[in-house]
Amino acid sequence: MQSMNIQRHQLHCLNLLRQSLYYNFNYYNTQGKGAFSNEEHIVRKHVSHCLDILRQQLMCTIDIGVLGQVWIQSNPNEMPHAFVDFNTKHICRNFDDVRRWAEERQMPDSVPQDFLEPPKEGDRILHEIP
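The sequence shown begins at 98 in my numbering and counts up by one.
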C-alpha cells in the first residue's frame, strides 16, 4: 500500500478532471491507463471524489483577495469601460520545496507486511469504494 501526500493528490485530481472532460474522455478511456484502467462506474466515482476533494480545498483555503478593475478602451471612438483585472498578485508557497519535503516523508513503495495494523473488532470496514 502506498500513501500519497495531499498536494500530489490534489494535482492528481485536477489532472483526472482534465482527462475526464467530454473532449478528452474518449482519448484517455481508449488508452486504458491509470484511473481509466478501471470499469467505468469506478472511473465515475473516482472523478466525483476528485471534484469534491478540490471543492473542499477551495472552500477551506478560499482566497479573500480583491479583484480590482482596469480601464479598457479598445476603440478610440468609444468611452473607456471598467473590466475586472484577473491579474492579481499572490504570495505563494514554494511548490518545489513543499513537494521535496513531502516526498522525503511519504510512505515507501515497499513496506513490511505487518507495517499496517489490521482492523480491530468494531472498526468500520466499507464494503465498496465510497
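Just so you know, even glycine gets a beta-carbon here, dropped at the ideal spot from N, CA and C.
Report the rounded CA-to-CA distance for Arg196 versus Pro177, giving the unit in angstroms.
Distance between the alpha carbons of Arg196 and Pro177 is about 44 Å.
| query | How big is the Cα-Cα spacing for Trp198 and Pro209? | reply | For Trp198 and Pro209, the distance between alpha carbons rounds to 23 Å.
Notebook entry, point to check: Starting from Gln166 and walking both ways along the beta strand (DSSP E), at which residues does that stretch end?
Noted result: It spans Gln166 to Ile169 - the beta strand (DSSP E) in which Gln166 sits, taken as one unbroken run.
query: Quick one, which of Ser134, Asp220, Leu164 and Phe180 has its alpha-carbon nearest Ser171's?
result: Nearest of Ser134, Asp220, Leu164 and Phe180 to Ser171, Cα basis: Phe180.
- [ ] Using only alpha-carbon positions, find the residue among Thr127, Asn123 and Ala132 that is nearest to Asn112.
- [x] The shortest CA-to-CA distance from Asn112 to any of Thr127, Asn123 and Ala132 is the one to Ala132.
Continuous beta strand (DSSP E) stretch holding Phe180: start and end:
DSSP places Phe180 inside the beta strand (DSSP E), whose first and last residues are His178 to Val181.
Coil, strand or helix - Ser117 by DSSP: For Ser117, the three-state secondary structure derived from DSSP is helix.
Suppose only complete runs of 4+ residues qualify. What are the alpha helix (DSSP H) ranges in the stretch 181-221, listed by chain order? List check, alpha helix (DSSP H) in window: 192-202.
Under the three-state reduction of DSSP, which class applies to Leu111: helix, strand or coil?
Taken through DSSP and simplified to helix, strand or coil, Leu111 comes out as helix.
What's the gap between the Cα of Asp149 and the Cα of Asn174? In this model, Asp149 and Asn174 are separated by some 47 Å (Cα to Cα).
message = Whether or not the stretch 107-124 and the stretch 133-147 are in contact is what I'm after, with contact meaning three or more pairs of Cβ atoms, one per stretch, closer than 8 Å; do they touch?
response = Using a C-beta cut-off of 8 Å, the stretch 133-147 makes contact with the stretch 107-124, since at least three inter-stretch Cβ pairs fall below that distance.
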